[in-house]
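Encoded as C-alpha cells, the structure appears first; notes follow it.
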Amino acid sequence: MKIVAVQKTSLIDYPDNISSILFLSRCNFRCPYCHNKDLVLDRLPKIDEEVIIDDLKMRKKYIDGVVITGGEPTLYSDLIDLIRKIKEIPL
Numbered sequence: 006m007k008i009v010a011v012q013k014t015s016l017i018d019y020p021d022n023i024s025s026i027l028f029l030s031r032c033n034f035r036c037p038y039c040h041n042k043d044l045v046l047d048r049l050p051k052i053d054e055e056v057i058i059d060d061l062k063m064r065k066k067y068i069d070g071v072v073i074t075g076g077e078p079t080l081y082s083d084l085i086d087l088i089r090k091i092k093e094i095p096l
C-alpha cells in the first residue's frame, strides 16, 4: 500500500461531516481529465502507514471519518487491512 498524501481536514469529501483524506498512488486508467496525475503515475514518496494511523488517533475527536481515494485504492490487496485499522479508531 502506498499512501502518498494526506489532507488532514476536509469539509467537502464526506458530506455534512469533517473528514481526513488519504490519497493512494497507482491507477489502471489514464483519464485525460484526471486531476491527480502525480498519484496515478506513482511519482510521490510513500508516507508511513503507522504515522498516518497515529495522527488519526490523535485527531479522532475532531473528525467524523476517513476518505480513501487515489489513484485507484482497490488495486491494493491490503486495502481491507488499512480499513480495519482505521475502523478500530473510535471516530
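Numbering of the sequence shown is given in my numbering, commencing with residue 6 and proceeding in unit increments. The beta-carbon is built from N, C-alpha and C at its ideal position, and this holds for glycine as well.
Check for me: the beta strand (DSSP E) holding residue i runs from which residue to which?
i, result
"isoleucine 17", "Element bounds for isoleucine 17: n/a, residue is neither H nor E."
"leucine 27", "24–29"
"isoleucine 73", "70–75"
Could you give the DSSP three-state label for residue i: helix, strand or coil?
i, result
"leucine 46", "coil"
"isoleucine 58", "helix"
Cβ of residue i within 8 Å of Cβ of residue j?
i, j, result
"valine 56", "serine 24", "no"
Just the C-alpha distance for residue i and residue j, rounded to the nearest angstrom, thanks.
i, j, result
"asparagine 33", "aspartate 47", "11 Å"
"aspartate 53", "lysine 13", "15 Å"
"aspartate 43", "leucine 27", "14 Å"
Spatial neighbours of residue i within its chain, please: C-beta separation below 7 Å, excluding the five flanking residues on both sides.
i, result
"glutamate 93", "none"
Using a Cβ-Cβ cutoff of less than 6 Å, which residues in the same chain neighbour residue i once the five nearest sequence positions on both sides are dropped?
i, result
"leucine 80", "Arg31"
So residue i is in the alpha helix (DSSP H); what residue range does that whole segment cover?
i, result
"leucine 84", "84–92"
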